[in-house]
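First the structure, in the form of structure tokens, and then the observations on it.
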Ligand SMILES: [Zn+2]
Ligand SMILES: [Zn+2]
């Protein structure tokens, strides 16, 4: 082993050459005599530099990609938190407007008025409850039993069972993932989909009622409109318009979700199936499909069994 007297940058042994140049280490196998001025050596050196440049560029681009993904992810999360606050403000605005402005306009009998108030407060509580459940209940994470899965998530470096998808915003895998909802700032998946559907249904119902209740006051508010109008006089218009827009949006969302529910498809799967022009491969029949999301139906009454006389069971199409 010795040091090259001409360049002061090479250390060579009988079998390997180690070059330290520009902070980079090269190791080259040698057989016999090495001529550092030979075209072969220079060509291999230039190739090594090229490879080094490519790997450094790749490293830099993957680092900047990770940084970009991380910043967009944190941006989406921050945006989601703002939307959650706005959603809660909207729900409170509608409930408050209904109780303070819309309902008194009808001048109902005291007991009917009280019943309407109690029903609307109960609806408000239910909406907030299902909204909180959708946001806070974990949508489902692959567990140990999914270790046998033949799908793999490169981001989580963990097995990924069927119907499980990786959410780039939440940076995790979600079981039976439907979509990432920015209005609840969470993924909708296996465990919180029933809460999400109940939230959408009840909010749509509440928005429809709020729009209908505010509608009779809208013509008078429009006719008396002037630029000097107070905010209070514009309240019925804002209430009715925002509730009507929310109702139309939620109605469409609910129809789409119901369509997927009875086909046993998630939003992600339906987009994929639509692109591939194929049908849902998880369809088990409407009843079973609904039971898969909401659980088996609750039996209010026990099954009543009647004795079948011997011989008459031949007319039954199913086994007793
Ligand atoms: Zn994952
Ligand atoms: Zn998500």
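In our numbering, the protein residues as written are 1020 to 1339.
Think of the CB as a built atom: it goes at the ideal place given N, C-alpha and C, for glycine as much as any other residue.
Keep in mind that this is a model prediction, so the values were computed, not measured.
- Ordered by chain, the residues meeting the criterion of a beta-carbon within less than 6 Å of a non-hydrogen atom of ligand 2 are 1186, 1188, 1189, 1199, 1206.
- Here the distance from the Cβ of residue 1098 to the nearest heavy atom of ligand 1 is not below 6 Å.
- Cβ contact annotation for residue 1216 (same chain, cutoff 7 Å, sequence separation greater than five): 1276, in chain order.
- Cβ contact annotation for residue 1281 (same chain, cutoff 8 Å, sequence separation greater than five): 1305, 1308, 1309, in chain order.
- Of 1264, 1214, 1312, the smallest CA-CA separation from residue 1279 is found for 1312.
- Rounded to the nearest whole angstrom, the CA to CA distance from residue 1178 to residue 1195 is 14 Å.
- For residue 1142, same chain residues with a beta-carbon under 6 Å away, outside a window of 5 residues either side, are 1225 in chain order.
- For residue 1174, the distance from the CB to the nearest heavy atom of ligand 1 is below 6 Å.
- The Cβ-Cβ distance between residue 1266 and residue 1227 falls below 7 Å.
- With contacts defined by Cβ atoms closer than 7 Å, residue 1230 and residue 1263 form a contacting pair.
- Assignment of beta-bridge partners to residue 1144 by DSSP yields no partner.
- Relative to ligand 1, residue 1297 has its C-beta separated by 6 Å or more from all heavy atoms.
- Between residue 1240 and residue 1255, the CB-CB gap stays under 7 Å.
- With contact defined as three or more Cβ pairs closer than 8 Å, the region 1087-1098 and the region 1183-1195 are in contact.
- Non-local C-beta neighbours of residue 1284 in its own chain, meaning closer than 6 Å and more than five positions away in sequence, comprise 1299, ordered along the chain.
- For residue 1104, the number of other beta carbons within 10 angstroms of its own is below 16, and it is reported as exposed.
- Each of 1207, 1091, 1120, 1108 was checked against the Cα of residue 1252, and the nearest Cα belongs to 1120.
- For the options 1199, 1223, 1126, 1127, the alpha carbon positioned closest to that of residue 1159 is the one of 1199.
- In the three-state reduction of the DSSP assignment, residue 1191 falls in the strand class.
- Minimum Cα-Cα distance from residue 1272 among the listed residues 1220, 1161, 1112 corresponds to 1220.
- The bridge partners DSSP lists for residue 1186 are 1191.
- Spatial neighbours of residue 1156 in its own chain (CB-CB distance under 7 Å, excluding positions within 5 residues in sequence) are listed in chain order as 1210, 1211, 1214.
- For residue 1152, the shortest separation between its Cβ and any heavy atom of ligand 1 does not lie below 6 Å.
- Residue 1161 and residue 1100 have their C-alpha atoms some 25 Å from each other.
- Exposed is the label assigned to residue 1163, since fewer than 16 other Cβ atoms lie within 10 Å of its Cβ.
- In the DSSP assignment, residue 1289 falls within the alpha helix (DSSP H) that extends over 1286-1295.
- Around the beta carbon of residue 1244, fewer than 16 other beta carbons lie within 10 angstroms, which makes this residue exposed.
- Under the criterion of beta carbons closer than 8 Å, residue 1114 and residue 1139 qualify as touching, at roughly 7 Å.
- In the three-state reduction of the DSSP assignment, residue 1178 falls in the strand class, which pools E and B.
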